[in-house]
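Chains as they are written, first to last, in full-length UniProt numbering: chain A, 1 to 350; chain B, 1 to 350.
These notes concern the structure reproduced below.
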């Protein structure tokens, strides 16, 4: 089959690789219906994370079960969403809703704990370990699913669940004021999540007109283009000088985190989900103002069923973060578009 | 009157100072019935915080209202608890329960926002600004209150409210496992708070027998003496290898915070209240394991009525953290005893 391999910063290629097989009785093989490029894929692509040897890449996909091991209860042909890590569903962290800390789980595109390759998502098919725990089944949908719905289901693999995690950990309550730092797909899904939780005011920090438009469609009531001191000042002005009840940090840089913490009111909470790169948390400021920092790598599996159902019911259309669709053959172009911010998010179809 | 002045590290003196007066209509003058030395008073005493000029010290006291400004609704003779900061009670942060960020408030022992001195608590009397907002009235008690009850009421001024804040921000739920880092008065009150919130298991980290005894009396089910890697390992062993649901960090040093974060299970929360000194938060570890850090300088005023009522009802006896009582004249000795950890906490009586 064809699958994406990252060789070095800026060097992503679609290559011929072995077809995945069921290796363990808990495995399933899923034929990918759609996958995408994640903001976090850009860290190695941009050289921020070292690529020591060529490796498979991609961790967001939806597809159809093609083959199952003896212990897997999913039927062939079942449409599924794959969260961005695989997890057993039965250990203590999984049962407490932190599947990203699964005692048996791991990530896509590398070896599992027995040394067998787990394919990356940006390919034609994937061996899915711990399929019962990992996959979120979607009934009433097959590979011919309408593109809008497909896009929204695909966001449940990562960005929608991640935005939801930010809003959940920030503790957004009905009527509160929420600032969202970051206008990538996760930030936009954070806006949508804040709206779903009943936020009264949602301030999106964005300086890109197309992203601002999606933010407004998702529920942003205000947009702030300024950053740094001016950005903090702008948020203060919108909140009677006090800051926001909740802030969602959806970037991962030091500047974004500082922006987030400084935008929170005394006693407020920053829900953060951006992979940290160079963040030094200002503990004295946090302490003095009682600003909490909650979050981490999003256990999107925990939210799989609820978000799937909201999508299927038509309550939310997070798929609108996809502003480009490309064939898998053009995966290198998809990376370029994401890297240059020419696209918010690109869906890839094998 | 006599009041305590810190001149430099290690140099604390009881001196003659002017009697406090009502200056503003929102002031009250409170005659101190009891005060105490705080762990945070030891930071300047030990030279960790610079003392640039002699200044009043002490921020925990209970007493009796002696004089009131025209806007003050407290009656003369009213017994009151003074939280460790004064606050208006009416601004947005006060109304949201973060009185430590009061827009009109401040600390004891320095000038108010109009430049008038606010006395420190380790003295015979104190000018209390914003008395309506600041003071917690205690009915049915006067200056002749029995010593055990007096001690418990005095803890509502700081350590009990601070331990309660740690447990509250950590989000302790019924049946959960809680680790408490720090066996000072705040840590011990954290143990008590965890018990009040229904924790199923409370692991106190302490290597001092008298403090361990109080911790057990307050509800600790386990005591861990080890620190660092061994301490983390000991907590893991007590929790099936997983870590605690909630951790209360009641010290403020880097080692204590790291101990706390490493003791938490994936998805757990550290409630921290120790004044941070040299803490660098391990954001990558927090992110990977979804360990939240919540807390800050405790708005004990927010908890004043509830904790007062629990004390008056006899539900809790946090006053047991006081293992020494000294006359105010011996304030320098009280500092020495605290500094050398010869006493957990010293009550001072003018």
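Here a beta-carbon is modelled for each residue, glycine too, at the ideal position from N, C-alpha and C.
Residue 310 of chain A versus residue 97 of chain A - alpha carbon distance: The straight-line gap from Cα to Cα measures roughly 19 Å.
Chain-ordered chain B contacts of residue 283 of chain A [CB-CB under 7 Å]: Per Cβ cutoff of 7 Å: 276, 279, 281.
Sequence-distant residues of the same chain with beta carbon closer than 7 Å to residue 133 of chain B, five excluded per side: 87, 88, 89, 90, 94, listed in sequence order.
Residue-level contact to chain B via CB, residue 292 of chain A, 7 Å cutoff: So, interface residue.
Range of the contiguous beta strand (DSSP E) that encloses residue 245 of chain A: Note, residue 245 of chain A: beta strand (DSSP E), 244 to 249.
Closer than 7 Å to chain B by CB, residue 198 of chain A: By this cut-off, residue 198 of chain A is not an interface position.
Extent of the continuous alpha helix (DSSP H) to which residue 155 of chain A belongs: Start and end: 147 to 155.
Reduced DSSP category for residue 277 of chain B - H, G, I as helix; E, B as strand; rest coil: Collapsing the DSSP output to three states places residue 277 of chain B in a strand.
Contact with chain A by residue 93 of chain B, beta-carbon distance below 7 Å: Yes, because at least one Cβ of chain A sits closer than 7 Å to the Cβ of residue 93 of chain B.
Three or more C-beta pairs below 8 Å linking the region 271 to 278 of chain B and the region 233 to 253 of chain B: In this structure the region 271 to 278 of chain B touches the region 233 to 253 of chain B; the number of beta carbon pairs closer than 8 Å is three or more.
Reference residue 187 of chain A, options A:200, A:174, A:216, closest by Cα: Minimum Cα distance to residue 187 of chain A is reached at A:216.
Any C-beta of chain B under 7 Å from that of residue 297 of chain A: Interface residue (Cβ-Cβ distance to chain B less than 7 Å): residue 297 of chain A is classified as such.
DSSP state of residue 292 of chain B mapped onto helix, strand, coil: In the three-state DSSP reduction, residue 292 of chain B falls in the strand class (E or B).
3-residue-minimum beta strand (DSSP E) runs that sit fully inside the region 29 to 96 of chain A, ordered along the chain: For the beta strand (DSSP E) assignment, the uninterrupted runs of no fewer than 3 residues enclosed by the region 29 to 96 of chain A are, from N- to C-terminal side, 61 to 68, 79 to 82.
Cβ-Cβ separation, residue 243 of chain A to residue 265 of chain A (assumed contact under 8 Å), whole Å: Taking a contact as a CB-CB distance under 8 Å, the pair residue 265 of chain A and residue 243 of chain A counts as one, their CB atoms being some 4 Å apart.
Check whether residue 125 of chain A and residue 326 of chain A have beta carbons under 7 Å apart: Between residue 125 of chain A and residue 326 of chain A, the C-beta gap is not smaller than 7 Å, which leaves the two residues out of contact.
Runs of beta strand (DSSP E) lying entirely within the region 182 to 251 of chain B, each at least 3 residues, in chain order: For the region 182 to 251 of chain B, whole beta strand (DSSP E) runs of length 3 or above, ordered along the chain, are 201 to 205, 222 to 224, 244 to 249.
Residue 158 of chain A classed as buried or exposed, judged by whether at least 16 other C-beta atoms fall within 10 angstroms: Burial is judged here by how many other beta carbons sit within 10 angstroms of a residue's own beta carbon; residue 158 of chain A has at least 16 and is buried.
Under 9 Å (Cβ pairs) to chain B, residues found in the region 152 to 185 of chain A: For the region 152 to 185 of chain A, the beta-carbon criterion of a distance under 9 Å to any beta-carbon of chain B is satisfied by 165, 169.
Endpoints, alpha helix (DSSP H) assigned at residue 352 of chain A: An answer regarding residue 352 of chain A cannot be provided, because it is not within the stretch 1 to 350 covered by chain A.
Simplified DSSP state of residue 305 of chain A, which is helix, strand or coil: Residue 305 of chain A: helix per DSSP, three-state reduction.
Residue nearest to residue 67 of chain B in terms of C-alpha spacing, selected from B:79, B:43, B:197: For the options B:79, B:43, B:197, the alpha carbon positioned closest to that of residue 67 of chain B is the one of B:79.
Residue 282 of chain B classed as buried or exposed, judged by whether at least 16 other C-beta atoms fall within 10 angstroms: Buried, because 16 or more other Cβ atoms sit within 10 Å of the Cβ of residue 282 of chain B.
Cβ-Cβ distance between residue 174 of chain A and residue 121 of chain A below 7 Å: No.
Test item: CB-CB of residue 207 of chain B and residue 232 of chain B under 7 Å: One thing to note: residue 207 of chain B has its Cβ no nearer than 7 Å to the Cβ of residue 232 of chain B.
Residue 76 of chain A to residue 276 of chain A span [Cα, whole Å]: So the two alpha carbons sit approximately 39 Å from each other.
Distance between beta carbons of residue 177 of chain A and residue 239 of chain A, contact taken as under 8 Å: Right, the Cβ-Cβ distance comes to about 6 Å (below 8 Å), so this counts as a contact.
Interface flag, residue 266 of chain B vs chain A, CB-CB below 7 Å: It does: the Cβ of residue 266 of chain B has a partner Cβ on chain A nearer than 7 Å.
8 Å contact criterion, which residue 109 of chain B and residue 55 of chain B should meet: CB distance rounded: Between residue 109 of chain B and residue 55 of chain B the beta-carbon gap is near 6 Å, inside 8 Å, which marks them as a contact.
Inter-residue spacing [alpha-carbon to alpha-carbon] between residue 165 of chain A and residue 280 of chain B: About 25 Å.
CB-CB length for residue 180 of chain A against residue 204 of chain A, believed under 8 Å: A Cβ-Cβ distance of about 5 Å is found for the pair residue 180 of chain A and residue 204 of chain A, placing them in contact under the 8 Å criterion.
Proximity test, Cβ basis, 7 Å: residue 289 of chain B and chain C: Included in the structure are the protein chains A and B, with no chain C among them.
Cutoff 7 Å: residue 193 of chain A Cβ touching any chain B Cβ: With 7 Å as the cut-off, residue 193 of chain A does not count as an interface residue toward chain B.
Residue 98 of chain A: contacting residues in chain B (beta-carbon distance under 7 Å): The answer, in chain order, is 266, 267, 290.
When A:36, A:102, A:293 are compared against residue 153 of chain A, the one with the closest alpha-carbon: Residue 153 of chain A has its Cα closest to that of A:36, out of A:36, A:102, A:293.
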